[in-house]
Every structure is written in C-alpha cells, then in structure tokens.
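Taking it in order: structure first as structure tokens, then the write-up.
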Amino acid sequence: MPFCPNCGSNAEGRFCAKCGTPIPASATSAGPPPPPPPPDYGQAQSAPPPPGYVPPAAPYAAASGLQENIAGALCYLPFVGWIIAIVFLAIDPYKQNRNVKFHAFQSIFLFVALLVVWIVLRTAAGLMFMSFSFGILVTMIMLFFDLAVLVVLLFLMYKAYNNQRFVLPIIGPLAEKQA
C-alpha cells in the first residue's frame, strides 16, 4: 500500500484521503513511510504587517509592572509608605499618573503631620518625670494615637486599592493641587 508523501498516512488511489495530495505512481509500500509534518496546533501563519503599521500602545499596568491601585495603596504602607511614595514620584511610569501622584503626596503630607504630632506627644511624655499621673495619661494618649494612625493607614490603603480617592481634611486638598 502506498503512503502519502505529504502527511505519511496510508493512501489508496491517486489522492490521499487525509490531505488530498496526489499520490505518485512510483510510491510503493516498500520502505518506511516518510515522517509526518510537524503539527499545526491551529495557529495560522499571519502575513507581515503593512508598511507604516504602528501596534497599539500597551496598557498602563502591562507597561509598568504594577497596577495603579496597588501603587496607590503601597504609598500608605505603615512605617515605610512615605519612602515608597517618594520613589513613586521619582520613577517614570508613576510620576505621570495623577492618581498615584495624589496618593503619594497625600501619604507624604500625612506622614509629616503625624511626625509633628508624634514629636509633641513624645515631648509631653518626657514630662512624665514631673508628674506620674500626667505621664501615664500621655502614654495612654500615645497608644491610642498609634492605634488610630494604624486604622487610618489601613483605611487609606483599602480605599486606594479599590481605586477610590479619600481626601483627608487639610492635607488632602494640598495633595490634589500637587497631583
């Protein structure tokens, strides 16, 4: 029985039943069939693009590696958020994005305000030596302050992750002007 020279399957008659290739008269069953061609896997070969074709621009997330909402949420990360915010204001794909810039500036302004309040509270706690009851009161206020800061930062991270802007009083409008 002859084999098809194109696909290697058994062929009867003048044409291959599988691929339709004409079978030469000299094809015999003597010898192994030729190897089949590589599989196609359904991928059609496309023609080259026409001259002057410009592929569409890649979306923001694919171009930068981080999505906009994740970059905004990282700006409020406790302890290091202000450093991440400065980095986002310096590197290229994020410094043009208004939403990331807003979250970065609001984070920086928030951390500066929190630092001022923390310094005032620590100075007041240093007066603990003058009055024991006053020192305990200031220490309790500092613990409450730290817990409140953590809750606010987690809330801002949640809002930024959901692509929502939560404008804080006083520093939020300043951040919007900078963005």
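Numbered by our numbering, the letters in the sequence shown go through residues 18 to 196 in order.
Note that beta-carbon positions come from the ideal geometry of N, C-alpha and C, so glycine has one too.
In the structure shown, what three-state DSSP assignment does residue i receive?
{"i": "F172", "result": "helix"}
{"i": "F162", "result": "helix"}
{"i": "P66", "result": "coil"}
{"i": "P190", "result": "helix"}
{"i": "L185", "result": "coil"}
{"i": "A177", "result": "helix"}
{"i": "Q195", "result": "helix"}
Quick one: what's got a C-beta closer than 7 Å to residue i's C-beta in the same chain, skipping five residues either side?
{"i": "A88", "result": "F105, Y111, V117"}
{"i": "G189", "result": "Q123"}
{"i": "A192", "result": "F119, F122, Q123, F126"}
{"i": "R31", "result": "P39, I40"}
{"i": "M159", "result": "L138, A142"}
Can you round the beta-carbon distance between residue i and residue j to whole angstroms, since I take them to be within the 8 Å contact cut?
{"i": "V155", "j": "A141", "result": "5 Å"}
{"i": "L131", "j": "V166", "result": "6 Å"}
{"i": "L91", "j": "I100", "result": "No, L91 and I100 are not in contact; Cβ-Cβ is about 10 Å, not under 8 Å."}
Between residue i and the rest of its own chain, which residues show a CB-CB distance below 6 Å, the 5 nearest in sequence each way excluded?
{"i": "Y93", "result": "S124, L170, L173, M174"}
{"i": "G195", "result": "It is worth fixing the name first, because residue 195 is Gln in this sequence and not Gly. Same-chain partners within the cutoff: F122."}
{"i": "N86", "result": "Y178, N180"}
{"i": "S26", "result": "K35"}
{"i": "G98", "result": "C92, S124"}
{"i": "C21", "result": "A28, C33, T38"}
Among residues of its own chain, excluding the 5 on either side of residue i, which ones have a beta-carbon nearer than 8 Å to its beta-carbon?
{"i": "N23", "result": "C33, C36, T38, P54"}
{"i": "G69", "result": "none"}
{"i": "K176", "result": "R182, F183"}
{"i": "I103", "result": "A121, I125"}
Using DSSP bridges, identify the partner residues of residue i.
{"i": "P39", "result": "F32"}
{"i": "N27", "result": "F20"}
Legend entry - Any alpha helix (DSSP H) of 4 or more consecutive residues that is wholly inside the stretch 75–156: 77–81, 85–91, 98–107, 109–112, 115–143
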